[in-house]
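Residues 95 to 313, numbered by our numbering, are exactly what the sequence shown covers, in order.
We put the CB at the ideal spot given by N, CA and C, even for glycine.
First up is the structure itself, then whatever we jot down about it.
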Amino acid sequence: MKFEKNIKNGLYLISDENLLKRKDFILSVKKALASGIKIIQIREKKSSLKDRMTLCCEVAKLVKLYKAELIINDDPFLAKLCKAKGVHIGKNDGSVKRAREILGKDAYIGVSCYGDINSALKSQQDGADYVSFGNFYFSQVKPEEKIEDLRVIEKAKERLKIPVLAIGGINEDNCSEVFAAGADAVCCVSAFILSKDIKKTAEKISEIKRRINGNKSQK
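Right under this line is the structure:
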């Protein structure tokens, strides 16, 4: 599948407007891309449309330079305007079908399913390219979110054909549990954005995924 090609190292970076100032975030994105992260999602909900457009277009140039992909949270129209690869939609953010109509057949469309397998199955049926589940750990970005059981990843992998991603408080210390459950990639916010050495963090998480996948293939 097209999405799997860019997620094979297991890394997916999500921005957060509350963690860093704009210039610091751009620097973090550059470091992340240089570290081999191939999927960058811009999740900015409080900024004005003009500011979001400026940020997304700036990141889009960087992403293109590193041959990576840009995903925009919630807004397929903004994704189209800044020529992003796709959109990630959550609860009450519209439908997969509508996003596909706006962005076309080659766009990546992801859906947040929290802990709901049926929602994931419906998203796959509607044409989503991937789904995400979580939170699986406490997250300082979304401290109010319910903590899901990792078994939802195992169940999802048994029933879905599209990539399954995990989100919520995931870092280099706990990602082994998530990959062991079957996640194709981990979506990280603070683990990357606030890392003192993004390259080292990215390499460690990728190595953990390779090791766990290797162990599974030997069984």
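Delimiting residues of the alpha helix (DSSP H) encompassing residue i
| i | result |
| --- | --- |
| I261 | Not the alpha helix (DSSP H): I261 falls in the beta strand (DSSP E), residues V258 to I261. |
| L159 | L143 to L159 |
| L121 | R116 to A128 |
| K251 | R245 to R253 |
| V272 | C269 to A275 |
Cβ neighbour criterion (16 or more within 10 Å) applied to residue i
| i | result |
| --- | --- |
| P257 | buried |
| K294 | exposed |
| A128 | exposed |
| L121 | exposed |
| P237 | exposed |
| F227 | buried |
| N212 | exposed |
| Q218 | buried |
| D278 | buried |
| K78 | A question about residue 78 goes unanswered here, because the residues of the chain that appear run from 95 up to 313. |
| L197 | buried |
| L105 | buried |
| F273 | buried |
| S109 | buried |
| S233 | buried |
| D223 | buried |
| S142 | exposed |
| K179 | buried |
Endpoints, the beta strand (DSSP E) within which residue i is located
| i | result |
| --- | --- |
| S226 | Y224 to F227 |
| A279 | A279 to C282 |
| I133 | I133 to I136 |
| I108 | L105 to I108 |
Best match in the options for proximity to residue i [C-alpha to C-alpha]
| i | options | result |
| --- | --- | --- |
| V235 | G263, A250, Q218 and Y224 | G263 |
| E239 | I261, A222, G221 and R245 | I261 |
| V225 | S270, K185 and E195 | K185 |
| A214 | C176, P170 and L259 | L259 |
| K144 | I165, L175, A250 and F232 | L175 |
| F171 | L159, L156 and I203 | I203 |
| D210 | A201, F97, V190 and D243 | D243 |
| F119 | D169, L288, N309 and N307 | L288 |
| I75 | S270, L164, V272 and A173 | Missing from the structure shown is residue 75; the chain here goes from 95 to 313 and no further. |
| S189 | D200, D169 and K177 | D169 |
| N229 | R305, K191, N268 and K161 | N268 |
| L159 | S142, S141 and I134 | I134 |
| I306 | R245, E297, S270 and K99 | S270 |
| R245 | Y208, D220 and A222 | Y208 |
| F301 | E98, K179 and K102 | Sequence check: residue 301 is Glu here, not Phe. Out of E98, K179 and K102, K102 has the C-alpha closest to the C-alpha of E301. |
| K199 | K191, D291 and K290 | K191 |
For residue j and residue i, believed in contact at Cβ under 8 Å, the rounded distance
| i | j | result |
| --- | --- | --- |
| A126 | L107 | 5 Å |
| R137 | N167 | 4 Å |
| V283 | I299 | The Cβ separation is near 13 Å, so there is no contact. |
| L149 | R116 | 7 Å |
| V123 | V153 | 6 Å |
| A275 | E252 | That belief does not hold up - the Cβ atoms of A275 and E252 are roughly 11 Å apart, past 8 Å. |
| N265 | A285 | 4 Å |
Legend entry - Ordered list of alpha helix (DSSP H) runs contained in the region 161 to 217, each at least 4 residues: Qualifying alpha helix (DSSP H) stretches, in chain order: 170 to 175 and 190 to 197.
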